Amino acid sequence: MALKIYNSLTRQKEVFEPINAPYVGMYVCGPTVSGESHLGHARPFITFDVLYRYLLHLGYKVRYVRNITDAGHFEEEGKVAEDKITSKAILEKLEPMELVQKYTHLYHWAMDQFNNLPPSIEPTATGHIIEQIEMIKKIMTDGFAYEANGSVYFDVIKYNEVYSKKNQPYGILSGRNLEDQLDTTRELDNQDEKKNKVDFALWKKAPVEHIMRWQSPWGEGFPGWHIECSAMATKYLGKKFDIHGGGMDLQFPHHECEIAQSTVCNHELPARYWVHNNMITINGRKMGKSYNNVVKLSELFDGSHPILTQAYSPMTVRFFILQSQYRGTLDFSNEALQASEKALRRLMDAYEWLKAQSFTSEKKSTDASLDQQLKTWVNELPEFMEDDLNTAKVVANLFEMVPVINSLKDKHITAEAVSGATWQLVQAQLTLFIEQVLGIKVESGVNKKQLNGVIHLLIDIRKEAKAKKDFATSDKIRNQLLEMGIQIKDEKDGEVSFTFS
RNA sequence: UGUCAUGUGGCCGAGUGGCGAGGCAAGGGUCAGCAAAACCCUUAACGAUGGUUCAAAUCCAUCUAUGACAGCCA
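All letters in the first sequence, in the order written, are residues 9 to 509 by the working numbering.
Next up, the structure:
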């Protein structure tokens with residue numbers, strides 16, 4: 009069976025065939041580091057992490073490029089032309105790059121919490137200004153962009169005229185036609201610079217107060233929103249690469265514009281497979297500032313957002329996301345997260361127990377149908393992954409096996425019911441799919457507060473033992489704690505303290 | 001308003017026309033000093049109305065509700 013993924017470009021599931029096997033190039037749009045990452049960011053990065061992991065598992069040599077947008081773009085194109093990062097920096101009295109650094113660190117921290125593998129290359133927009141300028145120059149030379157008052161715009165109408173004849177109209181990815189947009193695009197103020205309202209900026213002239221600015225053939229300014237991804241993808245993955253990923257909200261206009269830019273420069277569609285994850289909603293609503301329901305990842309992990317009734321661990325959130333297929337919307341609620349938390353614990357308890365067992369392959373099975381059923385569940389795991397990353401089905405099968413494992417643990421079934429070889433297969437495949445493919449790691453459920461409580465309890469028991477002159481017990485507690493790296497010390501005043509070594 | 005999606009049991013979510021995924025919750029039972037866990041069993045859904053079909057959650061049409069995009073957004 010071969011890996012099939014849904015290609016937004018062709019609107020169907022397609023068998024994945026790399027251009028240049030075993031090499032695979034994958035580009036995923038990363039975050040704008042003008043603020044802290046929120047729950048919405050978690051989905052694409054976890055989704056594409058799983059795709060990355062699965063491609064690696066299949067034996068591909070993957071170059072995974074995920075950018076960091078640190079240049080800031082216009083909040084409202086044409087109207088205010090204000091740099092998001094700069095404006096926030098003034099509010100916080102931080103240098104723009106200081107702010108970028110701060111949020112980049114926080115973003116990396118969150119990615120690490122989720123157990124996402126780092127990408128192969130993580131280029132920044134500000135590190136590729138030259139490449140972006142070169143690309144814009146090329147687009148202008150070919151006549152698909154024009155300068156107006158120090159800014160450069162992409163000529164969408166002209167592009168559409170020329171490339172419609174080559175079966176590649178503007179709107180090829182999003183399924184929009186240009187005529188509709190010309191009719192319905194809202195009239196924004198101050199658009200006189202553009203020949204047409206559908207045109208988008210490649211380079212923007214920097215207003216005097218703008219801190220982030222670079223010298224260009226058109227004066228001082230900063231790059232437009234879309235050009236960075238085209239420039240960096242081309243630089244690191246070539247003119248044509250395998251997979252381009254991102255959130256569904258980026259499909260239009262961002263990815264559409266990327267296609268137009270790259271096509272003009274490189275004379276071909278930049279990527280073969282366009283993969284888009286769907287959005288996360290909160291209690292049925294989209295996350296957005298106006299709804300006051302944007303949950304930052306740090307708030308999610310410590311439960312500090314008012315919408316949350318408790319904290320949720322990174323693995324709970326990861327598991328929650330993987331319980332659905334990436335192309336559907338996923339509704340977040342406390343109830344749903346709590347369900348995931350409990351479910352994950354049950355799954356991992358069973359898995360960890362099984363992992364610690366040893367089986368000998370000589371043992372024959374006494375329950376052939378159960379033996380066969382386990383093999384079937386395990387063998388279906390790759391099939392589900394290869395059907396457009398149906399992690400929901402993978403998880404469902406994992407849960408089918410939990411009662412069997414627990415029955416073995418509680419001796420409701422005998423160890424001989426299933427052959428040793430099958431148990432070994434189950435062990436190996438569960439490790440592969442839970443840890444490697446889904447990227448779920450064992451979380452220690454014990455926090456410091458609980459641990460301290462336990463130590464105090466042991467200290468109390470030791471005190472009681474000493475009072476009864478049961479020194480065997482008291483020494484056992486002290487010595488074994490010491491072996492675990494916890495040293496308890498009897499103070500002169502009779503109090504007991506402890507330190508972790 | 002345009003474009004595109006979506007509507008599955010109390011909640012979250014899979015579903016490739018043909019014996020009702022899975023998780024959480026709920027009810028009953030086994031086990032058990034109590035509790036928890038675990039195991040077994042049970043309940044329950046396919047937005048509405050038509051249509052195609054031997055057979056539809058699944059295909060078609062209309063309606064309805066919700067959402068996304070069209071300006072930033074994962």
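Built from N, CA and C at the ideal position, the CB exists for glycine as well.
Please read these numbers as outputs of a predicted model, since none were measured by experiment.
Close-in-space but distant-in-sequence residues of the same chain around residue i (CB under 7 Å, 5 per side omitted)
i: Q435; result: L362 and K363
i: A473; result: T481 and S482
i: Q380; result: none
i: A50; result: F122, L305, V325 and I329
i: A429; result: S369
Through-space distance from residue j to residue i, alpha-carbon basis
i: L316; j: T337; result: 20 Å
i: L64; j: F24; result: 14 Å
i: Q495; j: T507; result: 5 Å
i: G296; j: F340; result: 14 Å
i: I13; j: A79; result: 32 Å
i: E443; j: R354; result: 15 Å
i: H81; j: I141; result: Confidence is the limiting factor: at H81 the pLDDT is only 49, short of 50, which leaves the residue's position unreliable, though a coordinate-based value still follows. Approximately 16 Å, taken between the alpha carbons.
i: M220; j: E130; result: 21 Å
i: L17; j: P126; result: 27 Å
i: M148; j: L397; result: 40 Å
i: D57; j: P104; result: 29 Å
i: T112; j: F441; result: 30 Å
i: L345; j: N274; result: 45 Å
i: Q331; j: P314; result: 25 Å
i: I251; j: L59; result: 10 Å
i: S224; j: V445; result: 45 Å
Member of the options whose CA lies at the smallest distance from the CA of residue i
i: F29; options: K12, F56, A50 and Y68; result: The amino acid at residue 29 is misidentified as Phe; the sequence shows Ala. Of the candidates K12, F56, A50 and Y68, the one whose C-alpha sits nearest the C-alpha of A29 is Y68.
i: K247; options: A268, L433, V504 and Y60; result: A268
i: G227; options: Y171, I463, K205 and E155; result: E155
i: P26; options: S224, H49, Q380 and A279; result: A279
i: I288; options: R335, M119 and M323; result: R335
i: T324; options: K21, T40 and E451; result: E451
i: P322; options: T112, F309, Q331 and P126; result: F309
i: Y31; options: F56, D57, L245 and A50; result: L245
i: A133; options: F56, Q109 and A239; result: A239
i: G48; options: R184, L389, N460 and I329; result: I329
i: V216; options: G461, F230, A319 and K203; result: F230
8 Å Cβ cutoff met for residue i and residue j
i: F523; j: F122; result: Here the chain has residues from 9 to 509 only, and residue 523 is not among them.
i: G38; j: N75; result: yes
i: S373; j: V412; result: no
i: S128; j: Y62; result: no
i: V206; j: L181; result: no
i: I448; j: I469; result: no
i: L489; j: L465; result: no
i: E408; j: W385; result: yes
i: V283; j: G255; result: no
i: Y359; j: L438; result: yes
i: I137; j: V160; result: no
i: E236; j: T77; result: yes
i: E201; j: H234; result: no
i: L352; j: K383; result: no
Per-residue DSSP class, three states only, for residue i
i: S332; result: coil
i: Y68; result: coil
i: R51; result: helix
i: D339; result: strand
i: Y178; result: coil
i: A209; result: strand
i: Y161; result: strand
i: V450; result: coil
i: S369; result: coil
i: T384; result: helix
i: M34; result: strand
Beta-carbon contacts of residue i that lie in its chain and below 6 Å, excluding the five residues immediately before and after
i: E85; result: The predicted position of E85 is uncertain, since its pLDDT is 31 and thus under 50; a value taken from the coordinates is nonetheless stated next. So the list is empty, once near-sequence residues are dropped.
i: K304; result: E44 and H46
i: E388; result: N405
i: S270; result: S238 and P278
i: L11; result: F24 and E394
i: T40; result: T77
Residue i beta carbon near the ligand COA (any heavy atom closer than 7 Å)
i: T337; result: This structure lacks the ligand COA, and indeed carries no ligand of any kind.
Close beta carbons around residue i, own chain, < 8 Å, minus the five adjacent residues each side
i: K166; result: G151 and F152
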